[in-house]
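The structure appears below as structure tokens.
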Amino acid sequence: MESTLDIFVKAIFSENMIFAYFLGMCSYLAVSKTVKTAVGLGAAVIFVLAVTVPVNYLLENYLLKEGALEWINPEWAEIDLSFLSFIMFIAVVASIVQLVEMLVEKFAPALYGALGIFLPLIAVNCSILGGALFMQERQYSTILDATAFSIGSGIGWFIAIVAIAAIREKVRYSNVPAPLRGLGITFILTGLMGIAFMAFMGIKYGKDGSKEEDDTTKTGQIELVDKKLTAKID
Amino acid sequence: MFVTIYRLFQIIEKLRVMSEDVKKTKEPSEPLFSKKNKKLVTDPLTDNNPITIQVLGICSALAITVQVEQGVVMSAAVLFVLIFGNVIISLLRNLIPSRIRIIVQLVVVASLVIIVDQLLAAFLPDVSEKLSVFVGLIITNCIIMGRFEAFAMANKPWPSFMDALGNSFGYAWILILVSIIRELFGSGSLYGFPIFGSALPGEEWGIYTMGYMNNNMMILPPMALIIVGIIIWIQRSRNKALIEEH
């Protein structure tokens with residue numbers, strides 16, 4: 001069983017939204033020309049993912065999933081509305097983005113200045129809907145896990161876009177073959193970054209059964225050595 | 001209640017006026033396959049390709065190109081959604097208030113994608129399982145929203161249909177090319193048929209007996225990006241007009 005922390009770390013590194021699933025590539029390629037705008041868009045993605053995925057989690061578990069309507073009426077336990085999930089999720093995402101935009105504009109004008117123009121872009125960012133659909137597919141057991149997943153994927157996306165923006169700022173000074181300039185080199189750079197990120201796939205998550213056994217035998221051996229040592233000293 | 005009925009009458013009245021307008025303006029009708037309409041289909045195939053030039057719909061193009069079969073099914077799904085979506089949006093274009101147009105477009109796409117998803121789950125269950133969330137992500141595929149915004153909202157149904165046809169074929173050929181390269185060199189097969197022989201230990205045949213090995217790198221996600229990068233490189237060195245500043 002994965003712990004919440006495992007889900008969080010996995011979502012940032014080994015299952016990174018960009019490098020493992022290519023979600024949100026359109027805005028990733030379009031808005032990564034300077035680090036400043038990349039930070040703005042990245043922060044907006046973290047924010048919107050962290051809000052929409054838990055809401056969609058509640059929707060999925062109390063309305064759409066097979067047997068989810070049982071809490072209203074036990075007779076409805078067989079109803080399966082999951083075919084409606086696409087339209088529900090996208091409606092939730094679009095309306096929350098709209099709502100968040102209005103709230104931020106009203107109560108945090110400084111933040112609105114930083115995120116404002118990016119928020120409407122985000123309604124059609126694949127990574128937001130992708131987060132909701134992955135949440136549905138992976139069947140997280142608690143809302144805490146789902147939230148950890150959403151914040152983790154947001155941070156992973158943030159890291160990816162800020163990194164590529166920083167590289168693109170430097171690439172401007174290098175002599176790239178003319179036909180490869182702009183889009184082409186960005187694709188290849190992202191591919192190379194993806195290869196680097198694959199190193200994180202080796203991280204071992206959670207406690208495996210075998211690993212625990214190893215630990216106990218090791219401690220057992222250490223105790224044995226300790227006893228021998230103390231015996232010698234005596 | 002009365003307000004809604006009143007609104008309804010207003011809309012019907014608007015529709016009637018519109019249909020009269022259509023009748024009036026129909027006089028100088030152009031032939032169905034005029035040069036302009038043909039250009040709508042041929043342009044997105046090369047010089048205005050949705051993936052390599054407009055940079056739309058990358059997410060799905062890269063993620064599901066491990067096997068040719070997935071690429072073909074995905075292209076067919078996008079073809080269906082884009083054609084029907086473009087025609088529906090084009091028919092509704094004068095009724096959609098511009099403030100809520102994004103939501104209206106999303107609802108149209110989402111309904112079409114639900115149809116595609118249910119059809120795939122019913123008739124091609126194994127492909128549908130492999131595509132997993134990427135069928136749902138057609139909703140946020142930028143090609144579709146991009147064509148709705150840029151074309152269908154401002155044009156008549158027939159040009160919109162042609163535009164959808166061109167763009168989805170432009171999307172499809174890149175998708176299928178990438179998936180052919182990845183499946184051929186990554187798994188040694190095409191559409192599931194072995195091309196280079198079999199690498200199963202004990203019953204090897206074909207060129208595997210001479211020591212050939214599959215390139216496992218091709219199956220991993222980063223190679224998709226590099227292949228598309230190379231396609232862009234080739235395309236731009238053939239057509240210098242497309243080269244970017246930086």
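The listed protein sequences correspond, in order, to chains P and Y. Going by our numbering, 119 is the number at position 119 of the first sequence; the sequence numbering is gapless. Going by our numbering, 23 is the number at position 23 of the second sequence; the sequence numbering is gapless. Just so you know, even glycine gets a beta-carbon here, dropped at the ideal spot from N, CA and C.
So with Cβ pairs under 7 Å, would you call residue i a contact of chain Y?
i, result
"P:A178", "yes"
"P:Y57", "no"
"P:M25", "yes"
"P:L69", "no"
"P:A20", "yes"
"P:G209", "Annotation note: pLDDT 44 at P:G209 (below 50); position unreliable, no value reported."
"P:T147", "no"
"P:T190", "yes"
"P:F86", "yes"
"P:R181", "yes"
"P:F235", "There is simply no residue 235 of chain P to check, as chain P begins at 1 and stops at 234 in what is shown."
"P:L129", "yes"
"P:F187", "yes"
"P:V124", "yes"
"P:L29", "yes"
"P:A160", "no"
"P:E213", "Its pLDDT being 44, under 50, P:E213 is placed unreliably by the model, and the measurement read from it follows with that caveat. Chain Y contact via Cβ: absent."
"P:A94", "yes"
"P:I79", "no"
If you compare alpha carbons, which of the options is closest to residue i?
i, options, result
"P:I7", "P:S150, P:E169 and P:A199", "P:S150"
"Y:I180", "Y:S160, Y:T46 and Y:M223", "Y:M223"
"Y:E244", "P:F187, P:A178, P:T147 and P:K170", "P:A178"
"P:R168", "P:K204, P:V35, P:Y21 and P:A114", "P:V35"
"Y:G136", "P:Y173, P:I155, P:W71 and P:I87", "P:I87"
"Y:S111", "Y:N216, Y:L184 and Y:G85", "Y:G85"
"P:W157", "P:L49, P:K33, P:T4 and P:E2", "P:L49"
"P:K33", "P:L59, P:V162, P:L192 and P:L180", "P:V162"
"P:V124", "P:L5, P:E2, P:E15 and P:Y28", "P:Y28"
"P:A94", "Y:M213, Y:R101 and Y:A121", "Y:R101"
"Y:K35", "Y:P159, Y:A61 and Y:A199", "Y:P159"
"P:L23", "Y:L32, Y:P31 and Y:L56", "Y:L56"
Check whether the Cβ of residue i lies closer than 6 Å to any heavy atom of the ligand PLP, and answer yes or no.
i, result
"P:L23", "For the ligand PLP, the structure offers nothing, since it holds no ligand at all."
Confirm, please, whether the CB-CB distance from residue j to residue i is below 7 Å.
i, j, result
"Y:F193", "Y:G206", "no"
"Y:M153", "Y:R99", "no"
"Y:L165", "Y:V41", "yes"
"Y:I174", "Y:I58", "no"
"P:L129", "Y:T209", "no"
"P:Y148", "P:A38", "Residue identity differs from the one stated: residue 148 of chain P is Ala in this sequence, not Tyr. Result no, Cβ atoms of P:A148 and P:A38 do not sit closer than 7 Å."
"P:M17", "P:S127", "yes"
"Y:L131", "Y:I234", "no"
"Y:I89", "Y:F148", "yes"
"Y:I226", "P:I188", "yes"
"P:L103", "P:S82", "no"
"P:A44", "P:F118", "yes"
"Y:L91", "Y:P31", "no"
"P:T52", "P:I96", "yes"
"Y:Q67", "Y:E183", "yes"
Short of 6 Å in beta carbon distance, which residues of its chain neighbour residue i, apart from the five on each side in sequence? Order them along the chain.
i, result
"P:G194", "F19"
"P:D80", "E66"
"Y:L249", "The question about residue 249 of chain Y has no answer, for chain Y in this structure spans 1 to 246."
"Y:M162", "N37, L40 and V41"
"P:L69", "W76 and I79"
"Y:V228", "none"
"P:P120", "none"
"Y:M218", "R182, F185 and G186"
Within 7 Å (strictly less), CB to CB, does residue i reach chain P?
i, result
"Y:E183", "no"
"Y:W158", "no"
"Y:L175", "no"
"Y:P222", "yes"
"Y:I64", "no"
"Y:G85", "no"
"Y:M145", "yes"
"Y:A110", "yes"
"Y:T140", "yes"
"Y:V228", "yes"
"Y:A71", "Here residue 71 of chain Y is Gly; the residue named in the question, Ala, does not match the sequence. With 7 Å as the cut-off, Y:G71 does not count as an interface residue toward chain P."
Excluding five sequence neighbours on each side, which residues of the same chain lie with their C-beta closer than 8 Å to the C-beta of residue i?
i, result
"Y:F169", "V41, P44, L45 and L79"
"Y:N48", "Q54 and G170"
"P:V9", "G152, I203 and Y205"
"P:I46", "I151, G154, I155, W157 and F158"
"Y:S237", "none"
For residue i, collect the residues of the same chain with a Cβ closer than 7 Å to its Cβ; drop the 5 residues on either side in sequence, then sort them by chain order.
i, result
"Y:S247", "Because residue 247 of chain Y is not part of the residues shown, which for chain Y are 1 to 246, the question remains open."
"P:Q136", "E60 and S85"
Point to revise | Whole runs of the alpha helix (DSSP H) within the region 58 to 134 of chain P, excluding any shorter than 4 residues | key: Runs found: 85 to 107, 109 to 115 and 118 to 122.
*asked:* Quick check for students: name the residue ranges of the alpha helix (DSSP H) that lie wholly in the region 95 to 161 of chain Y, counting only runs of 4 or more.
replied: As for any alpha helix (DSSP H) of minimum length 4 sitting wholly inside the region 95 to 161 of chain Y, the runs are 101 to 123, 125 to 131, 133 to 136 and 142 to 150, ordered along the chain.
- prompt: Which runs of the alpha helix (DSSP H) spanning at least 4 residues fall entirely within the region 11 to 63 of chain P, listed in chain order?
  reply: Entirely contained in the region 11 to 63 of chain P, the alpha helix (DSSP H) runs reaching 4 residues are, in chain order, 25 to 30 and 35 to 59.
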